[in-house]
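Chemist: Start counting the sequence shown at 335; every next residue gets the next number (my numbering).
Mind having a look at this structure? Questions to follow.
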Amino acid sequence: MRRRGASVIVPRRSADERRRMKLVPLLGLSSTYVRRAVDALPKAGDRAPWSRRSSYFRDMLDVKWGSVRAGLEWS
Numbered sequence: 335m336r337r338r339g340a341s342v343i344v345p346r347r348s349a350d351e352r353r354r355m356k357l358v359p360l361l362g363l364s365s366t367y368v369r370r371a372v373d374a375l376p377k378a379g380d381r382a383p384w385s386r387r388s389s390y391f392r393d394m395l396d397v398k399w400g401s402v403r404a405g406l407e408w409s
């Protein structure tokens, strides 16, 4: 952050991601009370880096060899 002169980092979808990406519920739950509140709950995307994560080992591989800066806005 210091090198970029940034004090804030915010995750943002690009215009293309906003057009193409399907939003899905962040929680993979199907109980009645969750389905009723689905519009009020956080969403995830259907592709990385916005997809929900479920594997610690896969996450570690992504951190080691992937881009942890994808989808970030520095200001």
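The beta-carbon is built from N, C-alpha and C at its ideal position, and this holds for glycine as well.
Let me know the secondary structure DSSP gives V397 once reduced to three states.
Modeler: The answer is helix: DSSP assigns V397 an H, G or I state.
Chemist: Would you report the Cα separation of G362 and A378, rounded to the nearest angstrom?
Modeler: Going from the Cα of G362 to the Cα of A378 covers about 10 Å.
Chemist: Less than 8 Å between the beta carbons of D380 and K356, yes or no?
Modeler: Taking 8 Å as the Cβ cut-off, D380 and K356 qualify as a contacting pair.
Chemist: If you drop the 5 nearest sequence neighbours on each side, which residues of the same chain put their C-beta closer than 8 Å to that of L406?
Modeler: So the list reads I343, V344, P345 and R346, once near-sequence residues are dropped.
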